[in-house]
Amino acid sequence: MLDTIIKGGRVVTPTGAGHWDIGILGEKIVAVCIPGAPLPEAKEVIDATGKIVVPGGVEPHIHAASNVQPRIPESVPGVPNAGPRDHSLGAIWGGTTTVVDFAPVPNEGDIVAGIHDYISVWPGNAYTDYSTHCVYSSSNTPDAISRYSELINAGFPSIKIFTTDTKPPEGRIPISIVAKMDMGRLSDLMEQIAKHGGVLAVHGADDEITMYNYLTAKKRGRWDWHNAHLIHSNLVEDLAFRRVVWLAERTGVGMYFVHVTAKEGLESIAEARSRGMPVYGEVLTLALSFNCDRYKEEDGMKYHTFPSLKYEDDRLRLWDGLLHQDLAFTATDSGFTTYLDKIAGRNVLDMRGGNVGIEIRMGVTYTDGVVKQGMSLERYADVTSTNAAKMLGFYPRKGAIAVGSDADITIIDPSVKKSLSIDDLHVRDYSPWEGWQVEGWPTTVMLRGKVMVDKGQLLGQPTDGQLISRKVEPSILQRPAF
Ligand SMILES: [Zn+2]
């Protein structure tokens, strides 16, 4: 006897999209078969006729554990930052079933215990499954870098680094995991990651040019918030990506750039890939939807997250990369802010990062990619789930509708047509996508065989999500595999 059968839907499997029935027992997919093929009885049958059935979304980039106080103080007093519970709640409503957070690597003691301690705010607050990237910075000792194998052996293969502090000292959040790593440490770290078969995620922005842009901003009339793209400029991304790629080539590390925003950054990834390097790119839904003209609106800072939105030709080039080859997956960089948080900063120094896109990522990518630009359903599943699952070592447990995989399944109803409003969303109080026309939306979301969301009802609990151990498939680290 099965627990659930999902029948009648157009299902995206690793071998392509087609009409398949899915059998689920416990937490796992146990059958994917042609419609009408004999399956054992099931306790529940979900009729997905007319719907699209895809692997549950994998969101590789959220900042949740760092938001729990007193790690980052409230930016607007009395308005609490959003931690794991809000992030995973937005995710599950939007069809994302697995998320990846960030935790800093300590220098002393048991470094794996340090990571577990940092994410100890997740159990009991998780509507999704989760893991964390480990973050190294220039505050880490060479000894801590040499101990990377302890992290990968504990199921945390992905390391995040920043090449910039993003803001000059007077603008930094007091306790933040955003801290740059120098090239000396980075080259050492890349060797460690390459040797042990992990993956490096890089926030690439040239620190010296960024800081000089801040230094000269007032004099050059670039102090107001709507100049963010002139501080975190195309050149800033271009130079950093190229330096990091050279270092990656010398060390052989498998890596990706987080939140690519500029056509120059994408070009640098494309060139590296054309030379056979295992270099990949992530893009934010925010950067696919908006350009820096939006900053000029009266509350235009609500569209911002770091590094910055760029120009329309950059936005179109990002779509080109996502539709074809050189960008591998979408992400949010979610650090759930409120509207008050978001509009409190009025200049390039005090404007706030973070955005609330986690709930709309799957739906908006479906509308803007599949419906409007003819993205194939296979590519849609790749860029919202499968590729991130592969890159970060969840695959094939996550990111696939296949026998043996976790039954993490999102059902999209393509007949939903609406203008998005904040009332459609479930977390926080504003959305940059207010009024966005969508066609198709996730209506049923299943996590390891349990229906979490169905027809506008939340059925899951914050105790349902689990920490998932990861291991990256070696072929992904040898050449561009997707
Ligand atoms: Zn981030």
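Using this note's numbering, the first residue of the sequence shown is number 629, and each one after it goes up by one.
All C-beta atoms in this analysis are idealised placements derived from N, C-alpha and C, irrespective of residue type, glycine included.
Taking all protein chains shown into account, decide if residue i is buried (16 or more other Cβ within 10 angstroms of its Cβ) or exposed.
i     : result
H857  : buried
R1076 : buried
T838  : buried
Q1001 : exposed
D738  : exposed
D961  : buried
A1009 : buried
H761  : buried
K938  : buried
Q697  : exposed
Q1089 : exposed
K891  : buried
A665  : exposed
T995  : buried
K1045 : exposed
Taking the straight line between their C-alpha atoms, what separation do you get for residue i and residue j?
i     : j     : result
K970  : M818  : 35 Å
V864  : G742  : 33 Å
A670  : G882  : 43 Å
K1078 : D1036 : 8 Å
E895  : T889  : 11 Å
K846  : L914  : 27 Å
H668  : I650  : One detail in the question is off: residue 668 reads as Pro in this sequence, not His. Rounded to the nearest angstrom, the two C-alpha atoms are 11 Å apart.
E1067 : L875  : 43 Å
G849  : Y923  : 15 Å
L1086 : T1071 : 11 Å
R1107 : S1049 : 42 Å
K808  : K788  : 10 Å
A772  : H824  : 15 Å
T724  : I680  : 15 Å
V639  : F885  : 30 Å
P935  : N768  : 23 Å
I690  : L1020 : 14 Å
D834  : M905  : 22 Å
V872  : M629  : 53 Å
K635  : F784  : 36 Å
I992  : V1100 : Residue identity differs from the one stated: residue 992 is Val in this sequence, not Ile. Approximately 29 Å between the Cα atoms of the pair.
A731  : V749  : 11 Å
G654  : D631  : 7 Å
E836  : P1102 : 35 Å
I780  : S786  : 8 Å
D1082 : V1073 : 7 Å
H647  : V740  : 44 Å
G997  : M1003 : 5 Å
E736  : V830  : 24 Å
G637  : L1005 : 13 Å
G799  : D978  : 6 Å
A822  : Y764  : 15 Å
R699  : G982  : 16 Å
I897  : G949  : 10 Å
E940  : S861  : 14 Å
Q1094 : P751  : 7 Å
A900  : I1039 : 36 Å
D729  : D675  : 34 Å
Establish whether the CB of residue i and some CB of chain C are separated by less than 9 Å.
i    : result
I988 : The structure shown has no chain C; it contains just one protein chain.
Between residue i and residue j, how many whole angstroms is the CB-CB distance? I'm expecting something under 8 Å.
i     : j     : result
I747  : A782  : Their Cβ separation, rounded to whole angstroms, is 12 Å, which puts I747 and A782 out of contact at 8 Å.
I988  : S1059 : 7 Å
V704  : A972  : 6 Å
I657  : V984  : The pair is not a contact, with the Cβ atoms about 31 Å apart (cut-off 8 Å).
E910  : H887  : 6 Å
P683  : I1029 : 5 Å
D866  : G893  : 7 Å
S766  : D810  : 5 Å
W853  : V976  : 6 Å
Q1065 : S1047 : 6 Å
I986  : G722  : 6 Å
S759  : R1098 : 6 Å
Going by the C-beta, is residue i closer than 8 Å to any heavy atom of ligand 3?
i    : result
D729 : This structure does not include ligand 3; its bound ligands are ligand 1.
**contact_flag[the region 1015-1024, the region 951-964] where n(CB pairs < 8 Å) is 3 or more** = With contact defined as three or more Cβ pairs closer than 8 Å, the region 1015-1024 and the region 951-964 are in contact.
**Message:** Taking 8 Å as the cut-off, does the region 752-766 touch the region 718-726 (at least 3 CB pairs, one atom from each stretch)?
**Reply:** Here the region 718-726 lies against the region 752-766, with 3 or more beta-carbon pairs under 8 Å apart.
**Request:** Report yes or no: do three or more beta-carbon pairs, one from the region 1046-1065 and one from the region 696-716, lie closer than 8 Å?
**Result:** Segment contact: the region 1046-1065 against the region 696-716, three or more CB-CB distances shorter than 8 Å; contact assigned.
**Prompt:** Are at least three pairs of beta-carbons, each pair with one atom in the region 964-978 and one in the region 939-948, less than 8 Å apart?
**Reply:** Counting C-beta pairs with one atom in each stretch, the region 964-978 and the region 939-948 have fewer than three that are closer than 8 Å, which means they do not touch.
**Prompt:** Enumerated in chain order, which unbroken segments of the beta strand (DSSP E) with a length of 3 residues or greater are wholly contained in the region 824-875?
**Reply:** Here the runs fully enclosed are 827-831.
**Message:** For a minimum of 3 consecutive residues, which ranges assigned as the beta strand (DSSP E) are wholly contained in the region 654-711?
**Reply:** The qualifying runs are 656-661, 670-675, 680-683 and 685-687.
**Prompt:** Which ranges would you report for the alpha helix (DSSP H) in the region 723-779 if only whole runs of at least 4 residues count?
**Reply:** Counting only runs of 4 or more, we get 739-746 and 770-774.
**Any beta strand (DSSP E) of 3 or more consecutive residues that is wholly inside the region 941-986** = Runs of beta strand (DSSP E) with 3 or more residues, each lying fully within the region 941-986, are found at 957-959, listed in chain order.
**Prompt:** At what residue ranges does the region 865-930 contain a whole run of the alpha helix (DSSP H), taking only runs of 4 or more?
**Reply:** Counting whole runs of 4 or more residues, the region 865-930 contains the alpha helix (DSSP H) stretches 891-902 and 913-917.
**Message:** Which complete beta strand (DSSP E) runs does the region 1060-1093 hold, if anything under 3 residues is left out?
**Reply:** Fully contained in the region 1060-1093 are the following beta strand (DSSP E) runs of length 3 or more, in chain order: 1065-1075 and 1078-1082.
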